[in-house]
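*Asks:*
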Amino acid sequence: MLGPEAPKIEINNKVYRDLNKNGKLDTYENPEAQIEDRVEDLINQMNIHEKAGAIFIDMIGINSDGTPMEYPTFSDPFSFLMEYSSAKIVKKKMNHFNITASYPKEKMLAWNNALQKMGEKTRLGIPITIASDPRHGVPSKFGASIHTPYFSSWPSALGMGAINDSLLVQDFGVIVRKEYKALGIRVALGPMADTSTEPRWFRINGTFGENSDVNSKLVSAYIRGLQGDSLGTASVAAMVKHFPGGGTPENGKDTHFPPGIQIFEEENLEQHLKPFIAAFEAKTASVMPFYSIAKGITDEDVGASYNKEIITGMLRKRLGFEGIICTDWAMITDKKAMGILFKPASAHGVEHLNIDERIIKIIDAGVDMIGGESLSHKLAELIKKGEIEEKRIDQSLKRIMLQKFKLGLFDNPYLSEESLKILGNKISIEKGKEAQRRALVLLKNEDDILPLRPKTKIYLHGFDTKKVKDAEVTSLEKADIVVAKVDTPQWGGEKAGSIMEMLISGERLDFPEEELEILTPLLKTKPTILVANLKRPAILTELEPISKAIIADFDISDDIIFELIFGGFNPSGTLPIQLPSSMKSVLNQKEDLPYDLENPLFDYGFGLRFQNLE
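Counting from 1 along the sequence shown, just add 7 to a position and that's the residue number in our numbering.
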């Protein structure tokens with residue numbers, strides 16, 4: 008049961024919130040007290056169930072009308088994976104959540120305030136911390152990014168790597184902070200500091216590329232933009248991921264799923280650690296270890312969050328990280344929707360352990376927070392039985408609550424209509440568009456076919472013709488030029504064992520025969536401009552000889568692509584990854600080594616400019 012709202016207390020003409028409703032001003036309720044003292048006072052007042060609840064962060068739902076979700080809805084497929092909101096806050100004592108939905112901004116504001124009101128009505132009035140995956144891309148298919156139409160739209164992280172401008176990335180971080188804060192999102196689940204040396208990995212699109220020095224520079228810049236020089240009330244807390252580096256999966260198989268192995272040779276590991284060290288120097292608030300078994304760097308072959316050598320030995324002792332360590336999502340239990348397996352537990356190397364034993368091992372490894380789970384009742388029982396020491400949980404709570412206090416959530420977690428005014432800011436929108444322009448990479452321009460003359464008649468393949476403006480679109484027969492857009496191939500690999508694996512599996516980078524049977528005759532019909540949307544390094548070898556021009560696209564809006572095609576600006580981006588010439592070269596490269604493709608079709612750093620544009 009929820010209690011009453013926190014009454015106001017007036018002392019010396021100052022008004023305070025009596026969060027625990029005891030009629031007096033406690034230290035943790037006093038904004039003028041030292042933050043460390045507030046944290047200690049709060050933890051001393053928390054019971055075991057409240058302590059256990061604060062260790063977990065999980066998805067939470069939003070109804071389309073802005074009310075907290077109590078029942079699943081078909082408008083949000085992820086809602087079928089979630090318990091109802093009041094169960095998590097009231098029964099499970101949780102106060103950290105991530106959101107996967109995007110609704111009109113007024114509804115999102117109303118939802119934040121309703122959720123914070125639920126937090127206020129709990130026994131101690133602990134406010135809710137809201138986290139989110141990226142929201143600043145253009146609309147795309149399934150992935151970690153959540154399109155939010157009233158946010159400014161930017162290239163993918165890989166596109167930002169193609170620009171390689173730390174000042175721009177820091178400015179992007181500032182804009183993300185302002186737009187997140189407007190909706191009450193105070194933790195960004197990113198940036199990805201992974202160095203993407205394995206070309207088959209599904210998550211490459213979320214990285215800055217395969218150069219660890221560039222990644223270090225851009226990761227650091229983004230965190231400074233999000234948080235500022237130090238974490239405070241104006242900040243959004245960063246959660247850098249996926250330690251010690253997720254870009255090296257064995258045979259390219261994403262480690263959400265078994266066997267969950269990352270390949271590291273000792274001499275290459277340091278390159279993958281560089282961006283994380285840069286993130287720690289930029290004072291990232293949190294770090295997320297990956298699902299993977301990091302083969303070759305520790306004595307125990309278990310997932311990183313279960314591995315004490317990685318969490319306590321490497322993160323805490325060697326690298327001196329003092330912030331929050333939070334596991335990746337769903338490492339303990341399977342996730343099912345209506346009885347169908349969505350994602351198996353990523354319990355790599357500890358499959359034989361039961362749920363209680365997995366919790367014990369994660370806590371013993373040194374983790375502070377557990378993502379994608381809501382097992383507070385089990386953790387509370389383990390504490391009561393003495394299988395996990397309460398003082399060990401208190402150590403993590405000090406870090407967790409310190410962040411909550413620094414963000415100012417205990418003093419005012421609510422939003423006003425005024426906060427929404429930052430959204431739709433013309434300067435932010437234009438900066439996003441300019442970044443999209445700078446991210447496009449010109450890979451080929453035979454006979455200087457680009458830029459096209461204004462009245463050129465074009466036939467489109469792979470584009471939404473309704474969204475293409477200022478171009479004379481016609482039939483294939485009447486067209487002078489074909490402009491064809493292709494996505495990175497996603498096929499092959501083992502048969503998927505779950506819904507999520509079906510959505511993101513696919514270990515081949517060459518185009519399947521059935522797609523080539525459509526593309527090849529089309530591209531041979533007329534001179535063709537090929538636009539390749541690179542979420543991973545696609546093999547363009549079959550299409551390159553029959554394309555007059557090739558543009559690498561990193562989730563850029565169609566109108567900006569056509570702005571480039573018709574000479575609205577000169578391309579300046581360069582490839583942040585190698586593009587392979589064959590699957591054989593992909594199979595022969597080493598997962599943890601950059602620039603390891605034999606005879607790449609286009610090499611790292613390659614990019615052309617127009618020669619005939621004034």
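Glycine is no exception: its CB is placed at the ideal position from the N, C-alpha and C atoms.
Bridge partners for Leu416 per DSSP, in chain order?
*Replies:* Looking at the DSSP assignment, Leu416 forms no beta bridge with any residue, so it has no partner.
*Asks:* Measuring alpha carbon to alpha carbon, tell me which residue in Pro544, Pro266 and Met76 is nearest Asp517.
*Replies:* Pro544
*Asks:* Spatial neighbours of Lys342 within its chain, please: C-beta separation below 6 Å, excluding the five flanking residues on both sides.
*Replies:* Leu88, Phe349 and Lys350
*Asks:* Please specify which runs of the beta strand (DSSP E), each continuous and at least 3 residues long, are wholly inside the segment 211-290, giving them in chain order.
*Replies:* 244-250 and 268-270
*Asks:* Residues in the same chain with beta-carbon distance under 6 Å from Ser227, minus the five sequence neighbours each way, listed in chain order, please.
*Replies:* Ala285 and Ala289
*Asks:* Of the residues Ser579, Leu196 and Ile270, which one's Cα is nearest the Cα of Gly310?
*Replies:* Ile270
*Asks:* Find out if the Cβ-Cβ distance for the pair Asp65, Gly379 is shorter than 7 Å.
*Replies:* yes
*Asks:* Since Thr532 contacts Val489 with CB under 8 Å, what's their CB separation in whole angstroms?
*Replies:* 7 Å
*Asks:* What first and last residue would you give for the alpha helix (DSSP H) that runs through Ala387?
*Replies:* Ser383 to Lys391
*Asks:* Taking Val183 as part of the alpha helix (DSSP H), name the residues at either end of that continuous run.
*Replies:* Residues Ser173 to Leu190.
*Asks:* Bridge partners of Met199, per DSSP?
*Replies:* Lys248
*Asks:* Any idea if Tyr35 is buried or exposed, counting beta-carbon neighbours within 10 angstroms, 16 or more meaning buried?
*Replies:* buried
*Asks:* Output needed for Ile16: all residues of its chain with C-beta closer than 6 Å, excluding positions within five of it in sequence on either side, in chain order.
*Replies:* Tyr23, Asp25 and Leu32
*Asks:* What is the DSSP secondary structure of Tyr453, counted as helix, strand or coil?
*Replies:* Residue identity check: residue 453 is Glu in the sequence provided, not Tyr. Annotated three-state conformation of Glu453 is helix, per DSSP.
*Asks:* Flag Asp25 as yes when its Cβ comes closer than 6 Å to any non-hydrogen atom of the ligand SAH, and as no otherwise.
*Replies:* Ligands are entirely absent from the displayed structure, and the ligand SAH is therefore not among its contents.
*Asks:* Would you kindly report the start and end of the unbroken alpha helix (DSSP H) that includes Pro528?
*Replies:* Note, Pro528: alpha helix (DSSP H), Glu520 to Thr532.
*Asks:* If you check the beta carbons only, do Arg210 and Gly259 fall under 7 Å apart?
*Replies:* no
*Asks:* Taking the alpha-carbon of Met590 as reference, which of Ile182, Ile546, Gln618 and Asp566 has the nearest alpha-carbon?
*Replies:* Ile546
*Asks:* Taking only three categories from DSSP, how would you classify Glu113?
*Replies:* Helix.
*Asks:* Can you grab the Cα-Cα spacing for the pair Ile331 / Ser312, in whole Å?
*Replies:* 13 Å
*Asks:* Can you tell me which of Met295, Asp562, Met115 and Ile390 puts its alpha carbon nearest to the alpha carbon of Met199?
*Replies:* Met295
*Asks:* For Leu571, tell me which candidate among Ile362, Leu165, Ile62 and Leu615 has the shortest Cα-Cα distance.
*Replies:* Leu615
*Asks:* Tell me, which residues are paired with Glu479 by DSSP?
*Replies:* Lys464, per the DSSP bridge assignment.
*Asks:* So Asp65 is in the beta strand (DSSP E); what residue range does that whole segment cover?
*Replies:* Phe63 to Met66
*Asks:* Buried or exposed for Lys555, please, with buried defined as at least 16 other CB atoms from any protein chain shown within 10 angstroms of its CB.
*Replies:* buried
*Asks:* Any idea which residues DSSP pairs Ala138 with across the strands?
*Replies:* Asn105 and Val194
*Asks:* Sorted by chain position, which residues of the same chain lie with C-beta nearer than 6 Å to Phe2's C-beta, five sequence neighbours on each side aside?
*Replies:* Limits of the chain in this structure are 8 at one end and 621 at the other, which puts residue 2 out of reach.
*Asks:* Does the beta-carbon distance from Arg193 to Val243 come in below 7 Å?
*Replies:* yes
*Asks:* Can you check which of these residues, Val183, Met507, Ile304 and Arg130, is closest to Asn54 by C-alpha distance?
*Replies:* Distance check between Asn54 and each of Val183, Met507, Ile304 and Arg130 places Arg130 closest, using alpha-carbon atoms only.
*Asks:* Which same chain residues end up closer than 7 Å to Asn120 when comparing Cβ atoms and leaving out the 5 residues on each side of it in sequence?
*Replies:* Hits under 7 Å: Tyr421 and Leu422.
*Asks:* Look at the alpha carbon of Lys398 and the alpha carbon of Ile50, and state the distance between them as a whole number of angstroms.
*Replies:* 11 Å
*Asks:* How would you call Lys148, buried or exposed, if buried means at least 16 neighbouring beta carbons within 10 angstroms?
*Replies:* No answer about Lys148 holds up, because its pLDDT of 49 lies below 50 and its placement is not dependable.
*Asks:* Reducing DSSP to helix, strand and coil, say where Thr495 ends up.
*Replies:* coil
*Asks:* Please say whether Leu459 and Phe569 have beta carbons closer to each other than 7 Å?
*Replies:* no
*Asks:* Could you work out which residue in Ile18, Pro134 and Ile362 is closest to Asn419 when comparing CA atoms only?
*Replies:* Pro134
*Asks:* Measuring CA to CA, which of Pro11, Leu608, Asp603 and Pro162 is closest to Thr255?
*Replies:* Asp603
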